[in-house]
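**Q** In this note's numbering, the protein residues as written are 133 to 565.
Ideal Cβ placement from N, Cα and C applies to all residues, glycine included.
Take this structure, written in structure tokens, and hold onto it; I'll ask about it next.
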Amino acid sequence: MKLGTTFAVAMLLGASAFFAAPCGATESMQQKGLLPRGGSYVLDPNPTVGAAALGLWFRAPGAGYDDAAPGISRLAATAAAVSPLASGKSLVQVVRSLGGELNINVYPDIVGIGVVVPSTAARRVVAAMTAAYFAPAIDASSVKMAQRDAAVLAVQQRYSVDLTLHDLLFKQIFSSGPAHYSPLPDSVAEIARIAPENVGPFAKRAFRSTNAVLTLAGNVDASSLSAVTDGSAETSMDAPFDSILAGATGTTTASGSVPGVGLAWVGPPISDEKAATALDFVADYLFRDDTGVVSRSIGAHDAFVVGQFITLHNPGVMLVTIGGTDQKTAKQQVLEQLAKMESPLDAQTFGAAREAFLYHIASDTQTPQEQADNLGWYAVEGSEGYAPGDAGGEYERNARALDPQYVSDVVRRYLGSPVTVNLITVAPKGSPS
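This is the structure in structure tokens:
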């Protein structure tokens, strides 16, 4: 759905979290347009809150333009954030001095940089963000800092069932292309293998202004756009970085630091908005925390399930990851409930589930950061107007147009035999059995 947050490793570089108040129900004043020095923007103001959420989104292959350097996009995004600007301070230092929060999210095909700060600092941060990325000045020391940060995140990722299985499932689904590789290798040696002198050129190519979407949400206005002083309109935005499907199903086994089970299905592209929305509905109905049918059914068991449809340019992917000690029961529940969805839900059950889904869509786009992230994600994946929270209301119309028969048709079409990965732990040699 929306932004696949569990698919990324988020890096919090701010010293303190900044409270982002819920957006009020004000008349939309959303604006879209082109930046004067290349790139585009989406401005979604809400003057009733005290926070400003700012995002820069790029189409960038996580393993490099030749898929030969997994992790280079992560290093480049981090190095740009820690490199000194003309003021002598880095973007990280600017945000930290304002009491704000900075997140870097790197996916196989895109990069998102998000900042939340007091609204009075919005213009200053727009200037710093665009300077850091539209005109990156990356040197060896900033790459070294980025490598250290990536090494720490790699170890953390190794102990996350969800993140580890996401990467393993994508590796099985896609035979080549950016999605075949982890955006963050879990091996420190692989991270260190990336030549520092290659990071700067990658950043200049990937983070150029014409390849960017700037999103602004919360207490913001158009005056912040004039703070963009870097960039060049000489090129155009890259085409989406799609990957090649392997066409495989079946089960594979992988060893890791934590045990788990992952299931994945190839879904519709973002251009098939109604089918993508139907799978968002299925994920919400079955897997949403506390309210999902599967989530509630395994509540008495020692297991947990995370399920979502990740909306991508082409194709999208339905992912379910399972952890805990009773993984067998949880997996059985997942498959049984998906099988039931192949037959239409009765009208009353479906009506209640759709209303809950619509409520969840609204509640998940309440803060400025959620709004900025959604607008950026859908724009770089290829369908700006389809974003939940977009003023055009396209996503909501697709959700309201769903009916039981259509949803069951989509389930039968896409959610048949999954790719399955069993993640097991292997005791080190010489350890007691």
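Using only alpha-carbon positions, find the residue among Asn-237, Val-287, Lys-164 that is nearest to Leu-348.
**A** Translated into the one-based positions of the sequence shown, residue 348 becomes position 216. The residue with the shortest Cα to Cα distance from Leu-348 is Lys-164.
**Q** Determine, using beta carbons only, whether Ala-183 and Ser-251 come nearer to each other than 8 Å.
**A** Indexing the sequence shown from 1 puts residue 183 at position 51. Indexing the sequence shown from 1 puts residue 251 at position 119. Result yes, Cβ atoms of Ala-183 and Ser-251 sit closer than 8 Å.
**Q** What would DSSP say about Ile-236, mapped onto helix, strand or coil?
**A** For the purposes of this step, residue 236 is taken as the residue at position 104 of the sequence shown. Ile-236 falls in the strand class under three-state DSSP.
**Q** Within 10 angstroms of its Cβ, does Glu-516 collect 16 or more other Cβ (buried), or is it exposed?
**A** Residue 516 sits at position 384 when you count from the first residue of the sequence shown. Classification of Glu-516: buried, given that the 10 Å Cβ count is 16 or more.
**Q** Could you round the C-beta distance between Ser-293 and Gly-392 to whole angstroms and report it? I think they count as a contact, below 8 Å.
**A** Counting from 1 along the sequence shown, the entry for residue 293 is found at position 161. Counting from 1 along the sequence shown, the entry for residue 392 is found at position 260. Residue 293 is actually Val in this sequence, not Ser. Going by Cβ atoms, the distance from Val-293 to Gly-392 rounds to 4 Å, so yes, they are a contact pair.
**Q** My understanding is that Thr-423 touches Pro-550, with C-beta atoms under 8 Å, so please give their C-beta distance in whole angstroms.
**A** Locating residue 423 in the sequence shown gives position 291, where the first residue counts as 1. Locating residue 550 in the sequence shown gives position 418, where the first residue counts as 1. Rounded, the Cβ-Cβ distance is 23 Å, inconsistent with contact.
**Q** Can you tell me which of the three DSSP states Met-450 falls into?
**A** Walking along the sequence shown from the start, residue 450 turns up at place 318. Of the three classes helix, strand and coil, the one that applies to Met-450 here is strand, per DSSP.
**Q** What are the uninterrupted segments assigned as beta strand (DSSP E) that are 3 or more residues long and contained completely in the stretch 396-479, given in chain order?
**A** The qualifying runs are 435-442, 449-456.
**Q** Pro-625 lies in the alpha helix (DSSP H); which residues open and close that run?
**A** A query on residue 625 cannot be resolved here, the shown segment of the chain reaching from 133 to 565 and no further.
**Q** For Ala-153, name the three-state secondary structure that DSSP assigns.
**A** Here the question's residue 153 lines up with position 21 in the sequence shown. In this prediction, Ala-153 has a pLDDT of 38, which is less than 50 and means its spatial position is unreliable; what the coordinates show is noted afterwards. Ala-153: coil per DSSP, three-state reduction.
**Q** Could you tell me the distance, in whole angstroms, from the CA atom of Ser-389 to the CA atom of Asn-235?
**A** For the purposes of this step, residue 389 is identified with residue 257 of the sequence shown, where counting begins at 1. For the purposes of this step, residue 235 is identified with residue 103 of the sequence shown, where counting begins at 1. For Ser-389 and Asn-235, the distance between alpha carbons rounds to 26 Å.
**Q** By DSSP, does Val-345 sit in helix, in strand, or in coil?
**A** Here residue 345 is taken as the residue at index 213 of the sequence shown, counted from 1. Residue state, collapsed to three classes: strand.
**Q** Quick check: the stretch 260-268 against the stretch 276-296, are at least 3 beta-carbon pairs closer than 8 Å?
**A** No, the stretch 276-296 does not touch the stretch 260-268.
**Q** Just mark Ser-229 as buried or exposed, buried being the case when its beta carbon has 16 or more other beta carbons within 10 Å.
**A** The sequence position of residue 229 within the sequence shown is 97, counting from 1. With fewer than 16 other Cβ atoms within 10 Å, it is exposed.
**Q** Shortest alpha-carbon distance to Lys-276 belongs to which of Ile-204, Gly-244, Ile-305, Ala-254?
**A** Residue 276 sits at position 144 when you count from the first residue of the sequence shown. For Lys-276, the nearest C-alpha among the options comes from Ile-204.
**Q** What does the alpha-carbon distance come out to for the pair Gly-246 and Asp-404?
**A** One-based indexing of the sequence shown puts residue 246 at position 114. One-based indexing of the sequence shown puts residue 404 at position 272. Roughly 28 Å separates the two Cα atoms.
**Q** With C-beta atoms as the reference, is Gly-399 less than 8 Å away from Pro-447?
**A** By one-based count along the sequence shown, residue 399 stands at place 267. By one-based count along the sequence shown, residue 447 stands at place 315. Yes, they are a contact pair.
**Q** According to DSSP, Val-243 sits in a beta bridge with which residue or residues?
**A** Mapped onto the sequence shown, residue 243 falls at position 111. DSSP lists Phe-190, Val-238 as partners of Val-243.
**Q** Is it buried or exposed for Arg-486, if we count other Cβ within 10 angstroms and need 16 for buried?
**A** Mapped onto the sequence shown, residue 486 falls at position 354. Answer is buried; the Cβ neighbour count reaches 16.
**Q** In chain order, what residues of the same chain have a beta carbon less than 6 Å from the beta carbon of Pro-240, not counting five sequence neighbours either side?
**A** As a working mapping, residue 240 is identified with position 108 in the sequence shown. The residues are Gly-194, Pro-310, Ala-311, Pro-315.
**Q** Return the Cβ separation of Leu-175 and Val-360 in integer angstroms, given the expectation that the two are a contact with Cβ distance under 8 Å.
**A** Residue 175 sits at position 43 when you count from the first residue of the sequence shown. Residue 360 sits at position 228 when you count from the first residue of the sequence shown. That pair is no contact at about 12 Å.
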